[in-house]
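For the sequence shown, the positions run 5 to 261 when the numbering used here is used. As C-alpha cells, the structure follows; a few thoughts come after it.
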Amino acid sequence: MSYTLITGASTGIGQEFVREFARRKCDMVLVARSEERLQRLSAEVNPSGNLDIHVCAEDLGDPDSPGRIYDYSVQKGLKIGLIVNCAGFGFAGDYTSMPLADLQEMVQVNVAAMALLVRLFMPDMIAKKKGGIINVSSVSGFQGVAFLGLYSATKSFITTLSESLHEELKDKGIKVVVVCPGYIETGFHARAHQYPEQSMLPVSEPSVVVKASIKGLYKNRLHVFPTFLDFLLVFLQRFLPRSTVLKTASFLAPLKL
C-alpha cells in the first residue's frame with residue numbers, strides 16, 4: 005500500500021490536494037501545525053472511513069520536524085509513494101522591516117523543510133524504482149519581486165532544486181514536477197499582506213492548481229503552469245531586458261506598503 009504525504013494540508017492548495025486525492029481513493033498522510041484542523045478535514049473527506057488517512061501534526065518551522073515526519077511514517081509502516089510539498093508563506097514589505105523571526109521561519113518552512121523531506125524519503129523511492137514529488141513553487145520564483153524578495157527567492161530555490169531532481173531522477177522511476185501558479189484564492193495572501201482583489205491579473209481557485217499538478221505529474225512535465233497566463237508571464241521574460249522584468253513583477257504585485 006502506498007501513501008501520499010501532503011504538507012500544508014490544512015489550508016489553501018494543500019487542503020484542495022487532500023480533497024482531490026480523497027476523491028481518487030488515495031490513502032494519505034496529512035501534515036500541518038493544527039491537529040484539530042487536520043482531524044476535521046480527514047473526517048470531512050473520509051466520512052465512510054474507507055480510506056486510510058493519518059494525521060501528523062508538525063510545525064515545519066521547527067528544524068527537527070522533517071525528521072519526525074519521516075520517523076512517524078517509518079514507525080507506522082507507511083510507504084510514501086508521493087510527496088506533495090505545499091507548506092509555505094510569504095511576507096510583503098521592505099526587507100529591512102522584516103522581523104528576523106519571520107525571516108528565519110520562512111527559510112525553514114519554504115526551503116529547508118521541503119529539501120529535507122525530499123532527501124529523507126527519496127532513498128525509499130529509489131529502492132522501489134517508483135515515486136513522485138510535487139513541489140509547489142510560484143511564477144514569482146522566476147525573477148526577484150521587490151518587497152517580496154525573500155519569498156521570491158525561496159520559490160526560486162524550490163524551482164531550481166526541482167529542476168535538478170527531475171533530471172537526476174528521470175531514469176530511476178521517480179517523477180518530479182514543480183508547479184508554478186500565479187495568484188490563487190487562499191489564506192496565503194492575508195498573512196503576506198498581499199491583496200489579489202486589487203491585482204490586474206486574474207485570481208484562480210486552488211482546484212485549478214491541483215488538477216494541473218496531477219496531470220503534469222502523470223505526464224512527468226518539468227514545469228506545470230496551471231493557467232496559460234502563468235505560462236505566458238514566464239515565457240515573455242525571454243524577450244525582455246531583466247530590468248523590465250523586475251519592474252513589471254513589482255508593478256503587478258498587489259501590495260499595500
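We treat Cβ as the ideally placed atom computed from N, Cα and C, and that holds for glycine.
The beta-bridge partner set that DSSP reports for Val182 consists of Asn139, His227. Taking C-beta separations shorter than 7 Å and ignoring five residues to either side along the sequence, the partners of Val35 in its chain run Leu9, Ile10, Thr11, Ala13, Cys60, Glu62, Ile73, following chain order.
Beta-bridge partners of Ile84 (DSSP): Tyr7.
For Ile218, the enclosing alpha helix (DSSP H) covers residues 210-222. With three or more CB-CB distances shorter than 8 Å, the region 153-164 counts as touching the region 102-113.
Around the beta carbon of Asp98, fewer than 16 other beta carbons sit within 10 angstroms, so the residue counts as exposed. About 19 Å separates the Cβ atoms of Val149 and Ser166, ruling out a contact at the 8 Å cut-off. Residue burial is scored here from C-beta neighbours: Asp68 has fewer than 16 other C-beta atoms within 10 angstroms and is therefore classed as exposed. Beta-bridge partners of Leu34 (DSSP): Ile10, Val59. Cα atoms of Glu172 and Tyr222: separation of roughly 18 Å, rounded to the nearest angstrom. Close CB contacts of Glu20 within its chain, under the 6 Å cut and outside five residues either way in sequence, are with Pro210, Ser211, Val214 (chain order).
Around the beta carbon of Leu86, 16 or more other beta carbons sit within 10 angstroms, so the residue counts as buried.
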